[in-house]
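Remarks on the structure that follows.
Numbering (my numbering), first residue to last: 896 to 1243.
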């Protein structure tokens, strides 16, 4: 009988000891951020490679090129849909050998860091660039001794599709990106921008000067409007500037949202009158070295003051404008959309 009680109590003691050892609120385990970082978008790109075809259409034909990456590296293809053909744009091994001789850095066919590939105007050659291991001083840096004054030297190349020859583009001047303030006419004859709440324009020759040096004193500008005021401006009022920056940059060129006609004879824009709106303040408390203040007009729910919008059409040749009759509703919103960009112009 004693043996029976002993055998019955033994499981109960074991269960009680287990219950005492198990805590109802176990201590949380430490977060493994390194594990999560393994699946970040940038690292996933290295694991997944290409999953679709991103076509770059040529201007003078119905062909297109694309790059496709697998675990064997990147390859560039030229496709002719009409002929139902696809071929390699170039031999990776031959191009890698050619750029190795010029750059003096070792490149191989599987790891060819080609960037900014584009066709020449006659579509008989392609141009591309790649970075080397050579350190050079940044051109725009004034302090040449600063820690961030160095960058890797970029080499520019041209590959002839007919001969298969790769050559370096010595003294190549890379096209600078379009400034944010420039609204360029379709024929590049005029560039519209805003300054001090009004519209200005310059011709192509002076625009080229501005690309080299925006502060060039020989740049000739022409004023289009004179009635622009703060909060009822032709442009530049959506820059998200602090109060100090706004006053400092008041006379600088700023962007304006205009849409050109295809023949470059007219352009349209929407002008907003925000003068009746109340001020809204945003404080950046973590700015260095002191907090900064940004002030702009904003309508909060329940306020009756609304921005008033109007659509203007400019005759650029006559340098005149008129307000279009588009008002249908009280406090209506107005929007304009540009025509879709042609796929063959995506690399311009």
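Cβ atoms here follow ideal geometry from the backbone N, Cα and C, with glycine treated the same way. Model, not experiment: these values are computed from the prediction.
So the alpha helix (DSSP H) residue 977 belongs to, where does it begin and stop? In the chain shown, counting from the first residue as 1, residue 977 sits at position 82. No alpha helix (DSSP H) holds residue 977; DSSP gives it neither H nor E.
**Message:** Output needed for residue 988: all residues of its chain with C-beta closer than 7 Å, excluding positions within five of it in sequence on either side, in chain order.
**Reply:** Within the chain shown, residue 988 is the residue found at index 93, counting from 1. Contacts found: 1004.
**Prompt:** Exposed or buried, residue 871, counting other C-beta atoms within 10 Å across all chains shown (16 or more means buried)?
**Reply:** Residue 871 falls outside the range modelled here, since the chain spans only 896 to 1243, and no answer is possible.
According to DSSP, which residues form a beta bridge with residue 1117? Stepping through the chain shown from its first residue, residue 1117 is reached at position 222. Beta-bridge pairing links residue 1117 to 1096.
- [ ] Within 10 angstroms of the Cβ of residue 866, are there 16 or more other Cβ atoms? Answer buried if so, exposed if not.
- [x] Residue 866 is absent from the structure shown; the chain starts at 896 and stops at 1243.
Taking its Cβ as the centre, do 16 or more other Cβ atoms sit within 10 Å of residue 982, making it buried, or is it exposed?
Your numbering for residue 982 matches position 87 in the chain shown. It is exposed - the Cβ of residue 982 has fewer than 16 other Cβ atoms within 10 Å.
* Asked: Is it true that the CB of residue 1048 sits closer than 8 Å to the CB of residue 1029?
  -> Counted from its first residue, the chain shown places residue 1029 at position 134. Counted from its first residue, the chain shown places residue 1048 at position 153. Taking 8 Å as the Cβ cut-off, residue 1029 and residue 1048 qualify as a contacting pair.
Relative to the alpha-carbon of residue 1249, which residue among 1125, 1076, 1081 has its alpha-carbon at the smallest distance?
Because the chain here runs from 896 to 1243, residue 1249 falls outside it and cannot be looked at.
Using C-beta distances below 6 Å, list every residue in its chain close to residue 1101, excluding the 5 sequence neighbours before and after it, in chain order. In the chain shown, counting from the first residue as 1, residue 1101 sits at position 206. Only 1114, 1115 meet the Cβ criterion.
Next on the checklist: Contact between the region 1213-1224 and the region 1174-1181 is defined here as three or more beta-carbon pairs at a separation below 8 Å; is this criterion met?
Outcome noted: no
> Beta-carbon separation of residue 1050 and residue 1063 under 8 Å?
Replying inline: In the chain shown, counting from the first residue as 1, residue 1050 sits at position 155. In the chain shown, counting from the first residue as 1, residue 1063 sits at position 168. Cβ distance < 8 Å, so residue 1050 and residue 1063 count as in contact.
Which residue marks the beginning of the alpha helix (DSSP H) containing residue 942, and which one marks its end? Residue numbering aside, residue 942 sits at position 47 when the chain shown is read from its first letter. Element bounds for residue 942: 936-943.
**Message:** Do residue 1053 and residue 1020 have their beta-carbon atoms positioned less than 8 Å apart in this structure?
**Reply:** As a first step, residue 1020 is located in the chain shown; it is residue number 125 there, counting from the start. As a first step, residue 1053 is located in the chain shown; it is residue number 158 there, counting from the start. Yes; because the gap between Cβ atoms is below 8 Å, this pair is in contact.
Own chain, CB closer than 6 Å to residue 1203, minus 5 neighbours either side, in chain order | Translated into the one-based positions of the chain shown, residue 1203 becomes position 308. Correct list, in chain order: 1168.
(Q) So for residue 1152, helix, strand or coil by DSSP? (A) Counting from one through the chain shown, the residue named residue 1152 turns up at place 257. It is coil, neither helix nor strand.
Item checked: Residue of 959, 931, 1073, 965 minimising C-alpha distance to residue 1109 -> Within the chain shown, numbered from 1, the residue matching residue 1109 stands at position 214. When only C-alpha atoms are compared, the closest one is 1073.
- Message: Across the region 929-939 and the region 957-976, are there enough close Cβ pairs to call them in contact, namely three or more that are closer than 8 Å?
- Response: no
task = May I ask which residues mark the beginning and end of the alpha helix (DSSP H) holding residue 1063?
result = Within the chain shown, residue 1063 is the residue found at index 168, counting from 1. Per DSSP, residue 1063 belongs to no alpha helix (DSSP H); it is in the beta strand (DSSP E), 1061-1063.
Touch test, the region 1147-1163 against the region 1188-1205, Cβ-Cβ under 8 Å, three pairs minimum:
no
Would you mind stating whether residue 1172 and residue 1162 have Cβ atoms separated by less than 8 Å?
Looking up residue 1172 in the chain shown gives position 277. Looking up residue 1162 in the chain shown gives position 267. No, Cβ-Cβ distance for residue 1172 and residue 1162 is not below 8 Å.
_Where residue 1221 sits in the DSSP three-state scheme_ = Indexing the chain shown from 1 puts residue 1221 at position 326. If DSSP states are grouped into helix, strand and coil, residue 1221 belongs with coil.
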